[in-house]
Ligand SMILES: *Cc1c(COP(=O)(O)O)cnc(C)c1O
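In the working numbering, the protein residues as written are 3 to 225.
As structure tokens, then:
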């Protein structure tokens, strides 16, 4: 457990100013999160609604929770009704976005979200293709939202040892982010580029990431 604080401090020391570290605590017990909390960590990422709900109840109220997993439409209400999610990083369809908006309006909150873009080699990963996402902003579909604030883009690189491939993936994600800003310069607070995980966050930082989501490098491998 002491390793958690050591790992957090060494990762933090490498992050440029202004880059947010999300400690991805999915599948790890509350005790591990508490150690990270005592080491000053306040932002945690979870990928399952039930697990998140339980951890919200167990952790102090100043924790900022990010949802980072594939969000099933039948779980949206349960997630939104916690009113405790700071950022939903993994909006991967327009249908999911509409549901989040609807439930947020009903709950009387504004949800902050990132749009997930898919560039990686793996066929099973969720997310908008770069073209789909650019069309969404070109068509100004975001103007229909009443209770949702789109704050940026989240993406993952291919799961490979090929660093050149990973770097190209991050470049593509960053490129989508910058193109959206050009298409819709009036978008407010669209400033978050979430990319980089335990094995590849230094490469992501080199490509302009403003938010890294690090799990196993902090908490060890999930049992
Ligand atoms: C699990 C997960 C992470 C963290 O992965 P590590 O390799 O453990 O750092 C980051 N982002 C997403 C979307 C994840 O699902």
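Note that the Cβ used here is the ideal one computed from N, Cα and C, for glycine as well.
Just so we're clear, the structure is a prediction, and the values are computed from it rather than from any experiment.
Which value, in whole angstroms, describes the spacing of the CA atoms of residue 16 and residue 215?
14 Å
Rounded to the nearest angstrom, how far is the Cβ of residue 25 from that of residue 152, given a contact under 8 Å?
Residue 25 to residue 152, Cβ: 24 Å. No contact.
Going by beta-carbon coordinates alone, are residue 93 and residue 67 separated by less than 8 Å?
no
Taking 7 Å as the cut-off, is the CB of residue 2 close to at least one heavy atom of ligand 1?
With the chain covering 3 to 225 only, the question about residue 2 has no answer from this structure.
For residue 72, which residues in the same chain have their Cβ closer than 8 Å to its Cβ, ignoring the five residues on either side in sequence?
49, 92, 94, 128
Taking the Cβ atom as the reference point for each residue, do residue 154 and residue 118 lie within a distance shorter than 8 Å?
no
Output the residue ranges of the beta strand (DSSP E) runs that lie fully inside the stretch 44-68 and measure 3 residues or longer, sorted by chain position.
Runs of the beta strand (DSSP E) lying entirely within the stretch 44-68 and spanning at least 3 residues, in chain order: 45-48.
If you reduce the DSSP assignment to three classes, tell me which class residue 143 lands in.
helix
Can you tell me the Cβ-Cβ gap for residue 197 and residue 132, rounded? I've got them flagged as a contact below 8 Å.
The beta-carbon distance between residue 197 and residue 132, rounded to whole angstroms, is 14 Å. This is too long to meet the 8 Å contact definition.
Can you tell me whether residue 140 is buried or exposed, with buried defined as 16 or more other CB within 10 angstroms of its CB?
exposed
Beta carbon of residue 51: closer than 7 Å to some heavy atom of ligand 1?
no
Residues of its chain near residue 160, where Cβ-Cβ distance is below 7 Å and the 5 sequence neighbours each way are ignored:
122, 123, 124, 167, 168, 171
Looking only at its chain, what residues have a beta carbon closer than 8 Å to the beta carbon of residue 164, apart from the 5 residues adjacent to it on each side?
none
Specify the secondary structure class of residue 32 as computed by DSSP and reduced to three states.
helix
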